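Working notes, beginning with the structure itself.
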Amino acid sequence: MKKLLFVPLLVAALLAAFPAFAAEGIAVIDIRSAVLQTQVAQDAFKALEEETEYAANIERATLLQTERQALAEKLQKDAETLSQEEIADMQRDIQEKGKDIEFIVGKVQAKQGETAEKVNRDLNPSLQKILSELIAAKEVKLLLSRESVLFADTALDLTDDVTSMLDVAAADGADEK
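Residues -22 to -1, 1 to 155, numbered by mature numbering (1 follows the signal peptide of the UniProt record, and there is no 0), are exactly what the sequence shown covers, in order.
This is the structure:
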């Protein structure tokens, strides 16, 4: 664990000590964002939203949340006039709806995760090639994950470049088919 903290601190210390050298040969990237911002990813998520089961789950979760909220408001408003049994029943209904919402949201998130994973798998060969080309072209000696960097000048960020290049590669691949 100490080694994990030591390396970024060492890099930060070196960069602070040599500000003129700091930007030369160093870049950051958010690979997940680069992939998920591509047109391929946007199309995949749009297709997911149009799937009947997925759309039904979203609608059902929204309806359950509305019902749950209405029950909670009614319970809060009428708590003084309701019997203990009625209060217990309403609280049980609220909890059941909460569990149903959690289950449905879990299914929705699983589908979103599957879609993101599929996009990552599909774009990974192009991503690796593009990263290699960018690293060579920009003479990058140190490529850091944006998530592990506290601050980086936007000029050092390759995320948008990679997204654009992935879109071009996907368009070229679609043209060839």
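Virtual Cβ for every residue (Gly too), placed ideally from N, Cα, C.
Every value quoted in this text rests on a predicted model; they were computed, and no experiment measured them.
- Item | Secondary structure of I65, DSSP reduced to three states | Position 87 of the sequence shown holds residue 65. Here DSSP, grouped into helix, strand and coil, assigns I65 to helix.
- Query: By the 10 Å Cβ neighbour count, where 16 or more other Cβ atoms means buried, how is L120 classified, buried or exposed?
  - Reply: As a working mapping, residue 120 is identified with position 142 in the sequence shown. Classification for L120: exposed.
- Does the separation of the CB atoms of K75 and E37 fall below 8 Å? What you label residue 75 is simply residue 97 of the sequence shown in a count that begins at 1. What you label residue 37 is simply residue 59 of the sequence shown in a count that begins at 1. No, the Cβ-Cβ distance between K75 and E37 is not below 8 Å.
- With DSSP run on the structure shown, which of helix, strand or coil describes L14? Reading the sequence shown from its first residue, position 36 is the one you call residue 14. The answer is helix: DSSP assigns L14 an H, G or I state.
- Message: Count Cβ pairs between the stretch 96 to 104 and the stretch 16 to 29 that sit closer than 8 Å; are there 3 or more?
- Response: Verdict: yes, contact present.
- Message: Taking only three categories from DSSP, how would you classify A130?
- Response: Here residue 130 is taken as the residue at index 152 of the sequence shown, counted from 1. Residue state, collapsed to three classes: coil.
- Item | Unbroken alpha helix (DSSP H) run spanning L120, endpoints | Here residue 120 corresponds to residue number 142 of the sequence shown, with the count starting at 1. Unbroken run through L120 is the beta strand (DSSP E), 120 to 123; no alpha helix (DSSP H).
- Item | Euclidean distance between Cα positions of D56 and A66 | Translated into positions along the sequence shown, residue 56 becomes position 78. Translated into positions along the sequence shown, residue 66 becomes position 88. Going from the Cα of D56 to the Cα of A66 covers about 13 Å.
- Query: Helix, strand or coil: which one does DSSP assign to A5?
  - Reply: Within the sequence shown, the letter at position 27 stands for residue 5. Here A5 carries a strand assignment [DSSP, helix/strand/coil].
- Item | Neighbourhood of A12 by C-beta, 6 Å cutoff - its chain only, sequence neighbours within 5 removed | Taking the first residue of the sequence shown as position 1, residue 12 is located at position 34. Result list for A12: T137, V140, T141, in chain order.
- Message: For the alpha helix (DSSP H) containing L42, name the first residue and the last one.
- Response: Here residue 42 is taken as the residue at index 64 of the sequence shown, counted from 1. Start and end: 30 to 56.
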